[in-house]
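> In this note's numbering, the protein residues as written are -2 to 511.
Glycine included, every Cβ here is placed at the ideal spot set by N, Cα and C.
I have a structure I would like to understand better, so I am pasting it below and will then ask my questions one at a time.
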């Protein structure tokens, strides 16, 4: 029989002398009515924006952006694998009472923290608001290269030459950023950069090229009155009138200057104010000259913000025709020019269509562009025939010094590509020689292109240009050839030349259809 093991006597537990205290019982009262009400109220509040979506519609135009579209379960190429994220984006942009809640959030942050609830708006002092898209210029974070600025000057000089060769007046107006003129209300944590801004570096180059550009920075800064809105990124009515009066002397048509005209005060809701406060943006006083109302739309446009606006003046004595290429700064300029000219066309479309048919009837052409977008003149040259040059003496060719891409765009043969920077200097001009079916050669001066630009469909038969071109840096070029009135042809021969009027070098050639 197995031996039963027992613990030594001194190790045995004496149940008679050891008492273990039972744990204290906790109150475990069931959840009361208050807790239940709180939970239900929480879910009701959370679900209200979703449940009310089909029944609540708010004006979202003030946000100045495209909202997420309704999610689609199926795409053209099959099921939508991003249906969940698309649904989330749609809800974030369309939930009920969104504008009110966004407005409340913005108000609390602006008043209590002096910050903005959106990355598009900078909250300044004394109620001033700035557009955040100008911060790169303000802080000198987007310094253009000297070459890019030179490309802008070259291209504007070519545009001016083309327009004025047809006997038309021409002027360029670059609208300074609001914080370039009024930096004193910028918040302390947005520190202004050192050195000259791109616009300040560009103006001397334009002057050296003889470009008729208005120095609006100096003109506006010299005024005692504030000529920009406090809660908008643009100049106000008085600022627009000053700019109009600055541009007018450069043009061919005598126009009224609205001196002594009757003035009224209207209310203007600022664009950045509306971004921040879509429901409660407050209008600010805006001076308005009644005589500038003497015009009407002559196309399907209904607002000065439309991409293409055509107008007819009813002002006594209004004459002549104007074509203006502009952006949103042109909204307040438009009434003055529309009243002053018998007929006017205002276009926001890019690239600018400056073909003969677009400006043939115009007496004057004005180009207006915001400082923050001045790089457009280098990255996206206008659509116009390149100026023809006399034949120039040639030096030794430098083969494979440029890429060449040929395409057609309407009546034009478009020749574009890049230059090997080792084969040219930044100050050199770029030429394209096009030889037509009759053997006649035409030398055209090309636009200089910076950054990146994609070409159009390949020109049929161009063996060296079968891939979409990628133009990077500051060494791109683009020319529009009309072939001396013959039109583009598959028998065309093209050479790319670089240099100046004293002499050029051949960098590349393409025989189309060879």
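1. Quick check: the segment 382 to 398 against the segment 189 to 209, are there 3 or more CB pairs under 8 Å?
2. Which ranges does the beta strand (DSSP E) cover as unbroken runs of at least 3 residues, wholly within the segment 312 to 356, from first to last along the chain?
3. Report the start-end ranges of each beta strand (DSSP E) in the segment 365 to 439 that is 3 residues or longer and not cut off at the edges.
4. Throw me the rounded Cβ distance for the residue 351 and residue 373 pair, which I believe falls under 8 Å.
5. Which residues share a DSSP beta bridge with residue 307?
6. Answer yes if the segment 317 to 330 comes into contact with the segment 349 to 367, meaning at least three C-beta pairs across the two stretches below 8 Å, and no otherwise.
7. Applying the 10 Å Cβ sphere with the 16-neighbour rule, what's the burial state of residue 274?
8. Would you please state the rounded distance, in angstroms, between the beta carbons of residue 240 and residue 258? I believe it to be under 8 Å.
9. Once you ignore the five residues that flank residue 226 on each side, which residues in its own chain have a CB closer than 7 Å to its CB?
10. Short check: CB of residue 174 to CB of residue 365, under 7 Å?
11. Any chance the segment 416 to 432 sits against the segment 139 to 150, with 3 or more Cβ pairs inside 8 Å?
12. Please classify residue 79: is it buried, with 16 or more other beta-carbons within 10 angstroms of its beta-carbon, or exposed?
13. Between which two residues does the alpha helix (DSSP H) carrying residue 177 extend?
14. In terms of alpha-carbon separation, which member of 299, 293, 430 lies closest to residue 337?
15. Under the rule that 16 or more other beta-carbon atoms within 10 Å means buried, what is residue 165, buried or exposed?
16. I need the DSSP call for residue 255, collapsed to helix, strand or coil.
17. Kindly identify the DSSP beta-bridge partner or partners of residue 490.
18. From what residue to what residue does the alpha helix (DSSP H) around residue 160 run?
19. Quick check: residue 263 and residue 283, are their CB atoms within less than 7 Å of each other?
20. Please state whether DSSP places residue 183 in a helix, a strand or coil.
21. Look at the alpha carbon of residue 344 and the alpha carbon of residue 353, and state the distance between them as a whole number of angstroms.
22. Under three-state DSSP, which class holds residue 170?
23. Residues bridged to residue 76 by DSSP?
24. Going by C-alpha to C-alpha distance, which of 179, 73, 124, 160 sits closest to residue 321?
25. Would you report the Cα separation of residue 500 and residue 427, rounded to the nearest angstrom?
26. For the alpha helix (DSSP H) containing residue 270, list its first residue and its last residue.
27. From which residue to which residue does the alpha helix (DSSP H) around residue 221 run?
Inspection of the coordinates gives the following:
1. no
2. 316 to 322, 338 to 344
3. 402 to 406, 409 to 415, 426 to 432
4. By 1-based counting over the chain shown, the position of residue 351 is 354. By 1-based counting over the chain shown, the position of residue 373 is 376. With a Cβ gap of about 14 Å, residue 351 and residue 373 do not count as contacting.
5. The count along the chain shown starts at 1 and reaches residue 307 at position 310. Paired residues: 342.
6. yes
7. Mapped onto the chain shown, residue 274 falls at position 277. Classification for residue 274: buried.
8. In the chain shown, the residue the question calls residue 240 occupies position 243. In the chain shown, the residue the question calls residue 258 occupies position 261. Actually they do not touch by this definition, with Cβ atoms about 16 Å apart.
9. As a first step, residue 226 must be located in the chain shown, where it is residue number 229. Counting only Cβ-Cβ distances below 7 Å, and skipping sequence neighbours, we find 233, 265, 267, 281.
10. Residue 174 sits at position 177 when you count from the first residue of the chain shown. Residue 365 sits at position 368 when you count from the first residue of the chain shown. Cβ atoms of residue 174 and residue 365: not closer than 7 Å.
11. The segment 416 to 432 vs the segment 139 to 150: in contact.
12. Within the chain shown, the letter at position 82 stands for residue 79. Label assigned to residue 79: exposed.
13. The residue you call residue 177 lines up with position 180 of the chain shown. Start and end: 175 to 178.
14. As a first step, residue 337 is located in the chain shown; it is residue number 340 there, counting from the start. Nearest of 299, 293, 430 to residue 337, Cα basis: 293.
15. Locating residue 165 in the chain shown gives position 168, counting from the first residue. Burial call: buried.
16. Taking the first residue of the chain shown as 1, we reach residue 255 at position 258. Residue state, collapsed to three classes: coil.
17. Taking the first residue of the chain shown as 1, we reach residue 490 at position 493. In DSSP, residue 490 forms a bridge with 432, 508.
18. What you label residue 160 is simply residue 163 of the chain shown in a count that begins at 1. Residue 160 -> alpha helix (DSSP H) spans 143 to 161.
19. The sequence position of residue 263 within the chain shown is 266, counting from 1. The sequence position of residue 283 within the chain shown is 286, counting from 1. Yes.
20. If you number the chain shown from 1, residue 183 lands on position 186. The three-state secondary structure of residue 183, taken from DSSP, is coil.
21. The residue labelled residue 344 in the question sits at position 347 within the chain shown. The residue labelled residue 353 in the question sits at position 356 within the chain shown. Each residue's alpha carbon lies about 15 Å from the other.
22. Looking up residue 170 in the chain shown gives position 173. In the structure shown, residue 170 sits in a strand (DSSP, three-state: E or B).
23. As a first step, residue 76 is located in the chain shown; it is residue number 79 there, counting from the start. For residue 76, which the question treats as bridged, DSSP gives the partners 71.
24. As a position in the chain shown, residue 321 is number 324, starting the count at 1. Answer by Cα proximity: 160.
25. In the chain shown, the residue the question calls residue 500 occupies position 503. In the chain shown, the residue the question calls residue 427 occupies position 430. Cα-Cα distance, rounded: 12 Å.
26. Taking the chain shown and counting its residues from 1, the one referred to as residue 270 is at position 273. Per DSSP, residue 270 belongs to the alpha helix (DSSP H) from 268 to 273.
27. Within the chain shown, numbered from 1, the residue matching residue 221 stands at position 224. No alpha helix (DSSP H) holds residue 221; DSSP gives it neither H nor E.
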